[in-house]
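**Q** In this text, residue positions in the sequence shown follow my numbering: the first is 19, and each later residue adds one.
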Amino acid sequence: MIRLLDIFFSLIGLIITLPFLIALYFVGLFDTGSPLFKQERVGRNKKPFILVKFRTMKVDTASVASHLASASSITPFGGFLRRTKLDELPQLWNVLKGEMSLVGPRPGLFNQQELTQQRDKYNVFAVRPGITGLAQVNDVDMSTPLKLAKLDKKMIDSLTIRTYFKLILMTVAGKGSGDRVK
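Written out as structure tokens, the structure is:
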């Protein structure tokens with residue numbers, strides 16, 4: 019049932035926001051010259067996939083987890099995108115393709131070995147990664163791998179249609195800080 023909701027809402031979301039996505043893309047061209055950010059991430063069953071977001075950092079920024087990146091790497095427009103969580107909108111394409119869900123554990127990088135080990139212990143890779151989840155609305159990021167893996171597991175075990183909608187609404191309402199940069 020959740021997969022059907024993901025398909026429906028990602029398709030509707032892409033259609034409704036298309037003019038806005040195009041506008042953000044063009045503003046991003048002037049901001050960084052390369053408005054889309056694509057990065058290989060760890061997906062369901064540890065299968066790699068290419069995550070797509072709007073670029074919020076300078077093009078030459080090292081490919082590391084957000085909590086390890088320098089705040090000086092974020093562009094002014096990128097700061098706006100992060101605060102409003104609009105940088106996540108292109109991931110609706112990942113959801114539509116079946117690589118992600120709207121709700122699930124945030125996909126990590128393959129070089130985040132400690133996080134991967136903890137998530138393996140808690141069988142987190144059995145589900146599709148998500149745009150938002152319990153950790154995001156509770157300000158838990160990838161800098162605390164054990165805490166994150168436990169919270170991911172808690173969300174997976176208790177995910178219902180009701181909590182699916184609740185987590186989406188909490189995210190849209192601005193709960194949580196998203197991908198933090200220190």
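Cβ coordinates follow ideal geometry from the N, Cα and C atoms, glycine included.
1) Applying the 10 Å Cβ sphere with the 16-neighbour rule, what's the burial state of glutamine 136?
2) Does the beta-carbon of proline 37 have 16 or more other beta-carbons within 10 angstroms, so that it is buried, or is it exposed?
3) Thinking leucine 114 and leucine 32 are a contact (beta carbons under 8 Å), I'd like their distance in whole angstroms, please.
4) My understanding is that arginine 59 touches leucine 47, with C-beta atoms under 8 Å, so please give their C-beta distance in whole angstroms.
5) For aspartate 170 versus proline 125, is the C-beta distance shorter than 8 Å?
6) Roughly how many angstroms separate the alpha carbons of alanine 167 and leucine 133, rounded to a whole number?
7) Tell me which same chain residues have a C-beta within less than 7 Å of the C-beta of valine 45, skipping the five on either side of it?
8) Which class does threonine 150 belong to by DSSP, given the choice of helix, strand or coil?
9) Quick one: give me the first and last residue of the beta strand (DSSP E) that leucine 54 is part of.
10) How big is the Cα-Cα spacing for glycine 116 and aspartate 175?
11) Would you tell me roughly how many angstroms separate the C-alpha atoms of asparagine 112 and phenylalanine 98, rounded to the nearest one?
12) Can you name the start and end residues of the beta strand (DSSP E) that isoleucine 68 belongs to?
13) Beta-carbon separation of methionine 160 and glutamine 130 under 8 Å?
14) Compare the C-alpha of alanine 153 against each of Leu104, Ile186, Arg180 and name the closest.
15) By Cβ distance, which residues of its chain are closer than 8 Å to serine 28, with the 5 residues on each side in sequence left out?
**A** With the given structure in hand:
1) For the purposes of this step, residue 136 is taken as residue 118 along the sequence shown, with counting starting at 1. Under this definition glutamine 136 is a buried residue.
2) On the sequence shown, position 19 is the one that residue 37 refers to. Answer is exposed; the Cβ neighbour count stays below 16.
3) As a working note, residue 114 is residue 96 in the sequence shown. As a working note, residue 32 is residue 14 in the sequence shown. Taking the Cβ atoms as the reference, leucine 114 lies roughly 7 Å from leucine 32, within the contact range of under 8 Å.
4) Numbered from its first residue, the sequence shown carries residue 59 at position 41. Numbered from its first residue, the sequence shown carries residue 47 at position 29. In fact, because the Cβ distance is near 24 Å, the residues do not count as touching under 8 Å.
5) What you label residue 170 is simply residue 152 of the sequence shown in a count that begins at 1. What you label residue 125 is simply residue 107 of the sequence shown in a count that begins at 1. Proline 125 is positioned such that its CB atom lies no closer than 8 Å to that of aspartate 170.
6) Mapped onto the sequence shown, residue 167 falls at position 149. Mapped onto the sequence shown, residue 133 falls at position 115. Each residue's Cα considered, the two are about 7 Å apart.
7) Numbered from its first residue, the sequence shown carries residue 45 at position 27. Result list for valine 45: Phe95, in chain order.
8) Taking the first residue of the sequence shown as 1, we reach residue 150 at position 132. When DSSP states are grouped into helix, strand and coil, threonine 150 belongs to the strand group.
9) As a position in the sequence shown, residue 54 is number 36, starting the count at 1. Note, leucine 54: beta strand (DSSP E), 54-60.
10) Position 98 of the sequence shown holds residue 116. Position 157 of the sequence shown holds residue 175. The alpha-carbon atoms of glycine 116 and aspartate 175 are separated by roughly 20 Å.
11) Taking the first residue of the sequence shown as position 1, residue 112 is located at position 94. Taking the first residue of the sequence shown as position 1, residue 98 is located at position 80. Approximately 22 Å between the Cα atoms of the pair.
12) Stepping through the sequence shown from its first residue, residue 68 is reached at position 50. Residues 66-72.
13) Taking the first residue of the sequence shown as position 1, residue 160 is located at position 142. Taking the first residue of the sequence shown as position 1, residue 130 is located at position 112. For methionine 160 and glutamine 130, yes; Cβs fall inside 8 Å.
14) Walking along the sequence shown from the start, residue 153 turns up at place 135. Proximity to alanine 153 across Leu104, Ile186, Arg180 peaks at Ile186, based on C-alpha coordinates.
15) The residue labelled residue 28 in the question sits at position 10 within the sequence shown. The answer, listed in chain order, is Leu110, Trp111, Val113, Leu114, Leu120.
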